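Participant: As they're listed, the protein sequences go chains A and B.
In terms of numbering that gives the first Met the number 0, the first sequence is residues 0 to 127.
In terms of numbering that gives the first Met the number 0, the second sequence is residues 0 to 127.
2 protein chains.
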Amino acid sequence: MVKAKFDYTGIGVRDLDHSIKFYTEKLGMQLLGRYKIKETNGEIADLKSPDGDQKLELNWYANRGEYKNGDELDHLAFEVQDVDAALSELRSQGVEVAMEPFNAGNSRLAFVKDPDGIWIELEGPKKT
Amino acid sequence: MVKAKFDYTGIGVRDLDHSIKFYTEKLGMQLLGRYKIKETNGEIADLKSPDGDQKLELNWYANRGEYKNGDELDHLAFEVQDVDAALSELRSQGVEVAMEPFNAGNSRLAFVKDPDGIWIELEGPKKT
Chain A
0 MVKAKFDYTG
10 IGVRDLDHSI
20 KFYTEKLGMQ
30 LLGRYKIKET
40 NGEIADLKSP
50 DGDQKLELNW
60 YANRGEYKNG
70 DELDHLAFEV
80 QDVDAALSEL
90 RSQGVEVAME
100 PFNAGNSRLA
110 FVKDPDGIWI
120 ELEGPKKT
Chain B
0 MVKAKFDYTG
10 IGVRDLDHSI
20 KFYTEKLGMQ
30 LLGRYKIKET
40 NGEIADLKSP
50 DGDQKLELNW
60 YANRGEYKNG
70 DELDHLAFEV
80 QDVDAALSEL
90 RSQGVEVAME
100 PFNAGNSRLA
110 FVKDPDGIWI
120 ELEGPKKT
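If you want it as structure tokens, here you go:
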């Protein structure tokens, strides 16, 4: 069993400004940060409620095309100590791998799929 | 602005036992509880990682029929003090209401939609 911590929920959005406005102005969330993602030609925003630790990530992709049914849930993210070791363990247990490990900024990321095909991000410190 | 706390992410699953097994045995989450939901003829399970507070709810519906693209994200839940007051405030701000308030067990629930149509649950204490 992989030692992991559920860290945030990533949803896909049609319009990043509009969605940030909704979650901050209507539901009182705090904007933790907003980042351009070169690799996907997109932009993300991280939010949380003032009283909570649970994070919500809004994912916008310039190249998405039409926003389709199924784009609402982007991924669920779990923190692990060692992304490569965790992926290797999950793979050996028959879990489907969606994306092999790669460095992104100061993080290392990989993706597997849950039984319904939902992308599960494994996130850990960058491997040097 | 509504005072609310992001409480959990609810995903839709094809097979509750199979998904509980995945999230507990592969990703080390703890099963907090499993509940039959009479109103939907379904069953849900709540999980969290040992080191975290973030909850994941697995939603299974007997009457779903075929599991379709778009069923992966069920809803995002926010805790509020007073569901009726929060709904009224959001409605007056032009937020689309998906389901009017109702009591369920010891809770009171209502649903609105985010800008992409994602169902947002407002949850608070039961109104007597």
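Even glycine gets a Cβ: it sits at the ideal position worked out from N, Cα and C.
None of these values were measured; they are calculated from a predicted model.
Is A/Asp45 helix, strand or coil by DSSP?
Facilitator: On the first sequence, position 46 is the one that residue 45 of chain A refers to. Three-state DSSP puts A/Asp45 in a strand.
Participant: Name, please, each residue of chain B whose Cβ falls closer than 7 Å to the Cβ of A/Asp83.
Facilitator: For the purposes of this step, residue 83 of chain A is taken as residue 84 along the first sequence, with counting starting at 1. Per Cβ cutoff of 7 Å: no residues; A/Asp83 is ~16 Å from chain B at best.
Participant: B/Phe5 and A/Ser18 - do their beta-carbons sit closer together than 8 Å?
Facilitator: One-based indexing of the first sequence puts residue 18 of chain A at position 19. One-based indexing of the second sequence puts residue 5 of chain B at position 6. No, the pair does not count as a contact, with Cβ atoms beyond the cut-off.
Participant: When the Cα atoms are used, what is the spatial distance from B/Leu121 to B/Leu31?
Facilitator: The residue labelled residue 121 of chain B in the question sits at position 122 within the second sequence. The residue labelled residue 31 of chain B in the question sits at position 32 within the second sequence. One C-alpha to the other measures close to 21 Å.
Participant: Return helix, strand or coil for B/Ile119, following the three-state DSSP convention.
Facilitator: Sequence index remark: in the second sequence, residue 119 of chain B carries index 120 (1-based). Strand at B/Ile119.
Participant: Have a look at the DSSP bridge pairing and note the partners of B/Glu71.
Facilitator: On the second sequence, residue 71 of chain B is found 72 positions in, with the first residue counted as 1. Note: B/Glu71 sits in no beta bridge, so no partner.
Participant: Can you tell me the Cβ-Cβ gap for A/Lys25 and B/Val94, rounded? I've got them flagged as a contact below 8 Å.
Facilitator: Against the first sequence, residue 25 of chain A aligns to sequence position 26. Against the second sequence, residue 94 of chain B aligns to sequence position 95. At roughly 6 Å, the Cβ-Cβ gap stays under 8 Å, so A/Lys25 and B/Val94 are in contact.
Participant: Quick one: what does DSSP say B/Thr127 is sitting in, helix, strand or coil?
Facilitator: The residue labelled residue 127 of chain B in the question sits at position 128 within the second sequence. Of the three classes helix, strand and coil, the one that applies to B/Thr127 here is coil, per DSSP.
Participant: For my contact list, B/Gly104 and A/Asn68 are in at a C-beta cut-off of 8 Å; report their separation, rounded to the angstrom.
Facilitator: Taking the second sequence and counting its residues from 1, the one referred to as residue 104 of chain B is at position 105. Taking the first sequence and counting its residues from 1, the one referred to as residue 68 of chain A is at position 69. The Cβ separation is near 31 Å, so there is no contact.
Participant: Should A/Ala97 and A/Phe110 be called a contact, given that it needs their Cβ atoms to be closer than 8 Å?
Facilitator: For the purposes of this step, residue 97 of chain A is taken as the residue at position 98 of the first sequence. For the purposes of this step, residue 110 of chain A is taken as the residue at position 111 of the first sequence. In contact: A/Ala97 and A/Phe110 (Cβ atoms closer than 8 Å).
Participant: Which residues mark the beginning and the end of the beta strand (DSSP E) in which A/Arg33 is found?
Facilitator: On the first sequence, position 34 is the one that residue 33 of chain A refers to. That run of the beta strand (DSSP E) goes Gln29 to Ile36.
Participant: One question on the structure: do B/Asp52 and A/Gln53 come within less than 8 Å of each other, judged by their Cβ atoms?
Facilitator: Numbered from 1 along the second sequence, position 53 holds the residue referred to as residue 52 of chain B. Numbered from 1 along the first sequence, position 54 holds the residue referred to as residue 53 of chain A. Yes.
Participant: Measuring alpha carbon to alpha carbon, tell me which residue in B/Thr127, B/Glu99 and B/Trp118 is nearest B/Tyr7.
Facilitator: Locating residue 7 of chain B in the second sequence gives position 8, counting from the first residue. Of B/Thr127, B/Glu99 and B/Trp118, the residue nearest in Cα terms is B/Trp118.
Participant: Who are the near neighbours of A/Glu99 in its chain, counting only those whose CB is closer than 8 Å to its CB and skipping five residues on each side?
Facilitator: Here residue 99 of chain A refers to the residue found at position 100 when the first sequence is read from its first residue. Excluding sequence neighbours, A/Glu99 sits near Leu86 and Ala109.
Participant: If you reduce the DSSP assignment to three classes, tell me which class B/Val79 lands in.
Facilitator: Here residue 79 of chain B corresponds to residue number 80 of the second sequence, with the count starting at 1. Correct three-state label for B/Val79: strand.
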